[in-house]
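Enquirer: In this text, residue positions in the sequence shown follow my numbering: the first is 6, and each later residue adds one.
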Amino acid sequence: MASVEIKVPDIGDFKDVPIIEIHVKPGDQINPEDPLLTLESDKATMDVPAPQAGTVSELRVKIGDRISQGSVILTLEAAGAAATPPKDKIRQDAEPAPEGPPPSYGSPAGVYDTVDVRVPDIGDFKNVPIIEIHVAEGDEVKAEDPLITLESDKATMDVPAPAAGKIVSLKIKVGDRISEGDLILCLQTGEAAAPPKAASAPPQAAPAPKPPSAARGDVHAEVLVLGAGPGGYSAAFRAADLGKSVVLVERWKTLGGVCLNVGCIPSKALLHAAKVVSETQEMSEHGLSFSSPNVDVDKLRGWKDGVVKKLTGGLNGLAKARKVTVVEGAGKFVSLNQVEVTGADGGTKVVSFEQAIIAAGSEPVTLPFIPHDDPRVIDSTGALELDGLPKRLLVLGGGIIGLEMATVYEALGSK
6 MASVEIKVPD IGDFKDVPII EIHVKPGDQI NPEDPLLTLE SDKATMDVPA PQAGTVSELR
66 VKIGDRISQG SVILTLEAAG AAATPPKDKI RQDAEPAPEG PPPSYGSPAG VYDTVDVRVP
126 DIGDFKNVPI IEIHVAEGDE VKAEDPLITL ESDKATMDVP APAAGKIVSL KIKVGDRISE
186 GDLILCLQTG EAAAPPKAAS APPQAAPAPK PPSAARGDVH AEVLVLGAGP GGYSAAFRAA
246 DLGKSVVLVE RWKTLGGVCL NVGCIPSKAL LHAAKVVSET QEMSEHGLSF SSPNVDVDKL
306 RGWKDGVVKK LTGGLNGLAK ARKVTVVEGA GKFVSLNQVE VTGADGGTKV VSFEQAIIAA
366 GSEPVTLPFI PHDDPRVIDS TGALELDGLP KRLLVLGGGI IGLEMATVYE ALGSK
């Protein structure tokens, strides 16, 4: 077996990035794309994957070291004689091409097609920043595999591979701004983009798989997170950053839990509006007088909903960028390693897992002496929906929620 030095691939503009975790040790057998180590920049964590299979013979780094593109990580005994074939091996072994049409892709004559992959039609968006690159030079991709992720002021979007092949060269880096038609990378298409397996080399015996602890479900994850509030999505994103396959179960249509959807975020948006009204009134004592505000409830509600949508949409983009699988529905444990998720349509899906994080949050009780069927009675969720401004309002409870809602409605004109 040949010894190969594994180096840090292109990681964009990042330099001297600290190593926070090493996932392998000398003697370990690894497969392509297995995480070797985790780096942490000032913006995110990222894994450095194995470019090929083999056995780790020597580690050249330790936790805390700072590395950049091209730094040597480890020495690898490549698996099989053809693990690192020279680029021109196919042409060396090729028979002279017979007369007639040229051989097809993947033929022994080694004819390939290198295509420029450009940004497709992305609507009206221009100069959109690249927030993540999912491939590196030498990677093999399938059609529709995500190549890069872009982030506009409204959403994140992936640019997929137009065809299967091997990445020859990257033309962009994280942070670049691109528009429709800009060159992303060069792709070598054809079935033979990957080096051929050596016919004479006997296949190596794969390590015996670990017996599963229980039956797998419709979806399987190393880490299951039940609940997508601030605790749940933070845990899911961190686990994904550390190289785990993650499933995030949430019963509502949007991520973020109570806090982002019907709690602190919409509340703080309305409190900001209330503060503006109060400050204009207070300035009359300093010689600046304003007329009473004309409150357009529909427009104010739309602005508040826009704040919420922008933040929850950002969470969806972060989940997609980290390849976190989101399953919508109410989860219920049915075994030691399975959760049954029931969707809004009544359909069920079983998610199996190796480890689980329960971040289900809490739910208020319904007070038995309150006439909840009376349309005049609303809870905090109803108050945040801002369905009109009552002339008079009684707030039952003087906690944080009660104080905030009282402040908002009083500033908007309710007594």
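Every residue gets a Cβ at the ideal spot worked out from N, C-alpha and C, and that includes glycine.
How would you label L334, buried or exposed, when you count the other beta carbons within 10 angstroms and need 16 or more for buried?
Expert: Taking the first residue of the sequence shown as 1, we reach residue 334 at position 329. In the sequence as presented, Leu is not what sits at residue 334; that position holds Gly. Buried is the call here.
Enquirer: Leaving out five residues on either side along the sequence, give the residues of the same chain with a beta carbon under 6 Å from the beta carbon of P91.
Expert: Locating residue 91 in the sequence shown gives position 86, where the first residue counts as 1. With a pLDDT of 38 at P91, under the threshold of 50, the modelled position of this residue cannot be trusted; read the value that follows with caution. So the list is empty, once near-sequence residues are dropped.
Enquirer: Measuring straight from C-alpha to C-alpha, what distance separates A148 and P167?
Expert: By one-based count along the sequence shown, residue 148 stands at place 143. By one-based count along the sequence shown, residue 167 stands at place 162. Using only the alpha carbons, I get a separation of about 5 Å.
Enquirer: Assess, as a yes-or-no matter, whether the region 378–398 is touched by the region 299–311 under the definition of 3 or more beta carbon pairs within less than 8 Å.
Expert: Judged by Cβ distances under 8 Å, the region 299–311 makes contact with the region 378–398, as three or more pairs qualify.
Enquirer: In angstroms, rounded to a whole number, what distance separates the CA positions of L79 and F19?
Expert: Residue 79 sits at position 74 when you count from the first residue of the sequence shown. Residue 19 sits at position 14 when you count from the first residue of the sequence shown. Spanning the two alpha carbons is a distance of roughly 20 Å.
Enquirer: Quick one: is G128 buried, meaning 16 or more other Cβ sit within 10 Å of its Cβ, or exposed?
Expert: For the purposes of this step, residue 128 is identified with residue 123 of the sequence shown, where counting begins at 1. The residue in question, G128, is exposed, as its Cβ has fewer than 16 Cβ neighbours within 10 Å.
Enquirer: Report buried or exposed for N132, applying the criterion of at least 16 other Cβ atoms within 10 angstroms of its Cβ.
Expert: Residue mapping note: residue 132 aligns to position 127 of the sequence shown, counting from 1. N132 should be labelled exposed.
Enquirer: Who are the near neighbours of V164 in its chain, counting only those whose CB is closer than 6 Å to its CB and skipping five residues on each side?
Expert: Walking along the sequence shown from the start, residue 164 turns up at place 159. So the list reads L152 and I153, once near-sequence residues are dropped.
Enquirer: On the three-state DSSP scale, how would you describe P421?
Expert: The chain is shown only over 6 to 420; residue 421 falls outside these bounds and no answer can be derived.
Enquirer: Rounded to whole angstroms, what is the Cα-Cα separation between V252 and G307?
Expert: Indexing the sequence shown from 1 puts residue 252 at position 247. Indexing the sequence shown from 1 puts residue 307 at position 302. Their Cα atoms are separated by approximately 32 Å.
Enquirer: Go to P134, then tell me how far its beta strand (DSSP E) extends in each direction, as first and last residue.
Expert: To locate residue 134, count along the sequence shown from 1; it is residue 129. V133 to I138 is the extent of the beta strand (DSSP E) around P134.
Enquirer: May I ask you to list the residues that DSSP assigns as paired with E82?
Expert: Stepping through the sequence shown from its first residue, residue 82 is reached at position 77. Its beta-bridge partners are S8 and T60.
Enquirer: Taking the alpha carbon of K309 as the reference point, which residue from F338, F242, A279 and I375 has its own alpha carbon closest?
Expert: Counting from 1 along the sequence shown, the entry for residue 309 is found at position 304. It is A279.
Enquirer: Roughly how many whole angstroms lie between the Cα atoms of V329 and Q360?
Expert: Counted from its first residue, the sequence shown places residue 329 at position 324. Counted from its first residue, the sequence shown places residue 360 at position 355. Near 15 Å, if we compare the C-alpha coordinates of Q360 and V329.
Enquirer: Hey, how far is the Cα of E255 from the Cα of D118?
Expert: Locating residue 255 in the sequence shown gives position 250, counting from the first residue. Locating residue 118 in the sequence shown gives position 113, counting from the first residue. Cα to Cα, E255 sits roughly 44 Å from D118.
Enquirer: Can you list, in chain order, the stretches of the alpha helix (DSSP H) that have 4 or more residues and sit fully within the region 313–398?
Expert: With a minimum length of 4 residues, the continuous alpha helix (DSSP H) runs that stay inside the region 313–398 are 385–390.
Enquirer: Between which two residues does the alpha helix (DSSP H) containing I405 stretch?
Expert: Here the question's residue 405 lines up with position 400 in the sequence shown. Segment I405 to L417, the alpha helix (DSSP H) holding I405.
Enquirer: In this structure, what does DSSP give as the bridge partners for T259?
Expert: Here residue 259 is taken as the residue at index 254 of the sequence shown, counted from 1. None, per the DSSP bridge assignment.
Enquirer: Taking the straight line between their C-alpha atoms, what separation do you get for G262 and V9?
Expert: Within the sequence shown, residue 262 is the residue found at index 257, counting from 1. Within the sequence shown, residue 9 is the residue found at index 4, counting from 1. If you take the alpha carbons of G262 and V9, they lie about 47 Å apart.
Enquirer: Please name the residue, chosen from D21, D15, V13 and I27, that lies closest to L247 on a Cα-to-Cα basis.
Expert: Position 242 of the sequence shown holds residue 247. Taking only the C-alpha atoms, the option nearest L247 is I27.
Enquirer: Give every residue of the same chain whose Cβ lies closer than 8 Å to the Cβ of G407, excluding the five residues on either side of it in the sequence, and list them in chain order.
Expert: As a first step, residue 407 must be located in the sequence shown, where it is residue number 402. Counting only Cβ-Cβ distances below 8 Å, and skipping sequence neighbours, we find V400 and L401.
Enquirer: Give me the Cα-Cα distance between I405 and S283, rounded to the nearest whole angstrom.
Expert: For this step, residue 405 is matched to residue 400 along the sequence shown. For this step, residue 283 is matched to residue 278 along the sequence shown. Taking the straight line joining both Cα atoms gives about 19 Å.
Enquirer: Between Q343 and G222, is the Cβ-Cβ spacing less than 8 Å?
Expert: The count along the sequence shown starts at 1 and reaches residue 343 at position 338. The count along the sequence shown starts at 1 and reaches residue 222 at position 217. Cβ atoms of Q343 and G222: closer than 8 Å.
Enquirer: Using the rule of at least 16 other Cβ atoms within 10 Å of the residue's Cβ for burial, across every protein chain shown, is D144 buried or exposed?
Expert: In the sequence shown, the residue the question calls residue 144 occupies position 139. Burial call: buried.
Enquirer: Does D93 pass the burial test, meaning 16 or more other C-beta atoms within 10 Å, or should it be called exposed?
Expert: As a first step, residue 93 must be located in the sequence shown, where it is residue number 88. Because D93 sits at a pLDDT of 38, beneath the cut-off of 50, its placement in the model cannot be relied upon, and the point is left open.
Enquirer: With distances taken Cα to Cα, identify the nearest neighbour of D33 among G319, V61, P54 and D126.
Expert: Taking the first residue of the sequence shown as 1, we reach residue 33 at position 28. If we check each option's Cα against that of D33, V61 comes out closest.
Enquirer: Identify the residues that DSSP records as bridge partners of A226: which are they?
Expert: Position 221 of the sequence shown, counted from the first residue, corresponds to residue 226. Per DSSP, F358.
Enquirer: By how many angstroms is the C-alpha of S385 removed from the C-alpha of L44?
Expert: Residue 44 sits at position 39 when you count from the first residue of the sequence shown. Residue 385 sits at position 380 when you count from the first residue of the sequence shown. Whole-angstrom Cα-Cα distance: 42 Å.
Enquirer: Leaving aside the five residues before and after A244 along the sequence, list all residues of the same chain whose C-beta is less than 6 Å from its C-beta, in chain order.
Expert: Here residue 244 refers to the residue found at position 239 when the sequence shown is read from its first residue. Cβ within range, chain order: V228 and V251.
Enquirer: I135 to L190, Cα distance in whole Å?
Expert: The count along the sequence shown starts at 1 and reaches residue 135 at position 130. The count along the sequence shown starts at 1 and reaches residue 190 at position 185. Computed Cα separation, rounded: 13 Å.
Enquirer: Comparing alpha-carbon positions, which option in Q193, K258 and L175 lies nearest A169?
Expert: In the sequence shown, the residue the question calls residue 169 occupies position 164. When only C-alpha atoms are compared, the closest one is Q193.
Enquirer: Which same chain residues, not among the five before or five after V77, have their C-beta less than 6 Å away from its C-beta?
Expert: Position 72 of the sequence shown, counted from the first residue, corresponds to residue 77. For V77, where only same-chain residues beyond five positions count, the Cβ hits under 6 Å are E10, K12 and R65.
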